[in-house]
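Taking it in order: structure first as structure tokens, then the write-up.
2 protein chains.
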Amino acid sequence: MAIDELIYRIKYLRNPSVVGLDPDLDFLPDCVWDSDASDLTSASQAILRFNCEIIDAVYDIVPAVKPQIAMYERFGANGVNAYADTISYAKAKGLLIIADIKRGDIASTADAYADAHLGRVNIKGMRTPVFDVDFVTVNPYLGEDAVAPFIKSCRKYNKGVFVLVKTSNPGSGQIQDLQVLNQKVSDFKDSGSKESDLTKSISLYEHVAALVSEWGRDLIGESGYSAVGAVVGATHPKQARRLREIMPHTFFLAPGYGAQGAKAADLVKGSIVNSSRGIIAAYKNPKYKDKFGPEQFAKAARAAVLEMREDLRCLEI
Amino acid sequence: MAIDELIYRIKYLRNPSVVGLDPDLDFLPDCVWDSDASDLTSASQAILRFNCEIIDAVYDIVPAVKPQIAMYERFGANGVNAYADTISYAKAKGLLIIADIKRGDIASTADAYADAHLGRVNIKGMRTPVFDVDFVTVNPYLGEDAVAPFIKSCRKYNKGVFVLVKTSNPGSGQIQDLQVLNQKVSDFKDSGSKESDLTKSISLYEHVAALVSEWGRDLIGESGYSAVGAVVGATHPKQARRLREIMPHTFFLAPGYGAQGAKAADLVKGSIVNSSRGIIAAYKNPKYKDKFGPEQFAKAARAAVLEMREDLRCLEI
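Heads up: the sequence lines are chains X and W, in that order. Quick note: the first sequence, position 11, residue 10 per the numbering used here, numbers continuous. Quick note: the second sequence, position 255, residue 254 per the numbering used here, numbers continuous.
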């Protein structure tokens, strides 16, 4: 299972961090642009070249990369090509891929997304892999029938998902922190909550967490964690600790470290921690700027990964 | 504003329906396949040809088409090309485009999606349109800061969004029907709810509805409807009537008519009604099968649109 492989690599490399490949054009030094053109093709080529150099510089010290598909989709079909090529390149270097797609739709549509990103697409009986990543992120607002096609693909192709539970953005609480009534999710009984608590209100993210735990119950691997994981922003340490209790077998994908402000002390056991611009744009950071010029952006990224690994050394898996 | 243009066209054509361009390969007759190949390229070419013939057959009787991006993304970059070409073709025929993308992410990422789908992408100071559709669907789970970049693009480029409120799928209630406490959304005061109701619980979808109404408050056009619309499944007629009260100035995109089971009587005032397979796969329906062979799939689609228009004649805009 992908989750066991991920945890094995985290332990082997002693590094629970993932490099977010979110190539904002502001992060790209001049040297990755092949031409002076400013069209969708040249931008797509530039981000692919940038990514490949970053991957070359970090593949031996991180377990996985997390491309954010929006940063590629933005350039249309050309960008999606660069996205697919980035994934192929990273896989060839032995990295696991967590595709940050945050898709969520009714079942027949979710089937199409799951086939493309995790499974195989059926064309006249031929089953063809398309993006074929190891993990995707999914949005739970449409409910279980919208998440089920992804979980089915996890089972069939040994993949994993991370369901959005508590996101890292400042406004996440507007919906996710709402207090909801009359929960009947059996998971709460296992997680230290008293039966009497069940008739009181809990937050929406806690409710979603209990569902996520339930959805992943029969997909727990040798690592003790389920193929159904959760996105829990590192920017909400108190909530993350509570969510660790509700979801004891759920691995967390924790965005928000570094540029979004979260620190090592904010993280909870059983998390893989994402940093995007903190790593891929490290050469712009005053801390690395004197040592690495723009052409050495990949070396700066490696230095930033090593520093992050050191910072996360106490994080328990 | 796109919303005023949409409503103008609905009234002019006397047709509040939108054709869902969700080309499942099972819907495609043999005649749209150029070759015997079963790869991503040939599938993408086939869906584009299928779409263009459908568009040719219906462009003069419907105000808009709604491509579901998953059905294209499924075939990778080739599919996204077919998606972009479908949009260009439909626009050239004078149709408005409602892109069913259901994106939702933290602000910096939502910016990228909004730029690509509604606005312009900035490459070295050159601002390039990418998909450039009229409306997109967006997911509210991450809260207002995740929706704001789309609304900003609506304002800047005269576009529109439809925020998921109550989706058409059978399991939508699992999250969306949860009862939430202590609402403080000013909109409820305007919508016939008594002040005392505010301390009681309401459902999550009602809460989201009040937010959607608030987000769209200063983007109400000459039509009386806002650029910020809502997705309200036609499969939930009782809830839709309640949502019409909460969101008096919000236009609804109503999926679920036809194949998903909703009828004309289930629809509420101020809706554009989607049908996908009911129209594009009409030639497979026993009702049209005798009259139209597989090569006449586009004619069957036109017949299905005319029947739907007739069925929706009493729907008030």
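Idealized CB from N, CA, C, for every residue including glycine.
- Straight through space, the alpha carbons of X/G232 and X/S274 are spaced by roughly 12 Å.
- Not a single CB atom of chain X sits nearer than 8 Å to the CB of W/S87.
- Close to W/Y112, with beta-carbon spacing below 8 Å, are these residues of chain X in chain order: A69, E72, R73.
- Residue-level contact by beta carbon fails for X/H248 and chain W, as no gap is shorter than 8 Å.
- When C-alpha distances from W/I96 are compared across W/A56, W/A106, W/S41, W/L5, the shortest belongs to W/L5.
- At a beta-carbon threshold of 8 Å, the residues of chain W lying near X/P139 are Y140, I174, ordered along the chain.
- X/A147 has its alpha-carbon roughly 13 Å from the corresponding atom of W/N168.
- Look at W/Y282 here: in three-state DSSP terms it is helix.
- Around the beta carbon of X/D59, fewer than 16 other beta carbons lie within 10 angstroms, which makes this residue exposed.
- If one requires a minimum length of 3 residues, the beta strand (DSSP E) runs lying completely within the segment 192-268 of chain X are 227-231, 251-253, in chain order.
- Secondary structure remark: continuous beta strand (DSSP E) runs of at least 3 residues inside the segment 141-173 of chain X, in chain order: 159-165.
- A straight line joining the alpha-carbon of W/S43 with that of W/A109 spans about 27 Å.
- The beta-carbon of W/T234 is placed no less than 8 Å from the nearest beta-carbon of chain X.
- Bridge partners of W/Q295 according to DSSP: none are assigned.
- Taking a Cβ-Cβ cut-off of 8 Å, X/E244 has no neighbours in chain W, whose nearest Cβ is about 21 Å from it.
- The residue among X/F251, X/A209, X/G228 with its C-alpha nearest the C-alpha of X/H235 is X/F251.
- Listed in chain order, the positions of the segment 107-133 of chain X with a beta carbon within less than 9 Å of a beta carbon of chain W are S107, T108, A109, D110, A111, Y112, D114, A115, H116, V120, N121, I122, K123, G124, M125, T127, V129, F130.
- Sorting X/H248, X/D310, X/R243, X/E244 by C-alpha distance to the C-alpha of X/E221 places X/H248 at the top.
- Using a Cβ-Cβ cut-off of 9 Å, W/D144 is close to N168, P169, G170, S171, Q173 of chain X, given in chain order.
- For X/V135, the uninterrupted beta strand (DSSP E) segment begins and ends at 134-137.
- With 16 or more other CB atoms across the displayed protein chains lying within 10 angstroms of its CB, X/C153 is buried.
- Counted as a single uninterrupted DSSP element, the stretch harbouring X/I271 is not any alpha helix (DSSP H) but the beta strand (DSSP E) occupying residues 270-274.
- By the criterion of at least three beta-carbon pairs nearer than 8 Å, the segment 63-80 of chain X is in contact with the segment 12-21 of chain X.
- Counting along the chain, the unbroken beta strand (DSSP E) around W/D99 starts and ends at 95-102.
- Taking all protein chains shown into account, X/P285 has fewer than 16 neighbouring C-beta atoms within 10 Å of its C-beta and is therefore exposed.
- Residue contact check for W/K199 against chain X: no CB pair falls below 8 Å.
- Within 7 Å of the CB of W/D104, the CB atoms of chain X belong to A69, K101, in sequence order along the chain.
- Remark: C-beta atoms of X/G228 and X/I2 approach each other more closely than 8 Å.
- Spanning the alpha carbons of W/P139 and X/F26 requires a straight line of approximately 29 Å.
- Within chain X, the residues whose beta carbon sits less than 9 Å from that of W/L39 are V120, I122, T127, V129, listed in sequence order.
- In this structure, the beta-carbon distance from X/V61 to X/N121 does not fall below 8 Å.
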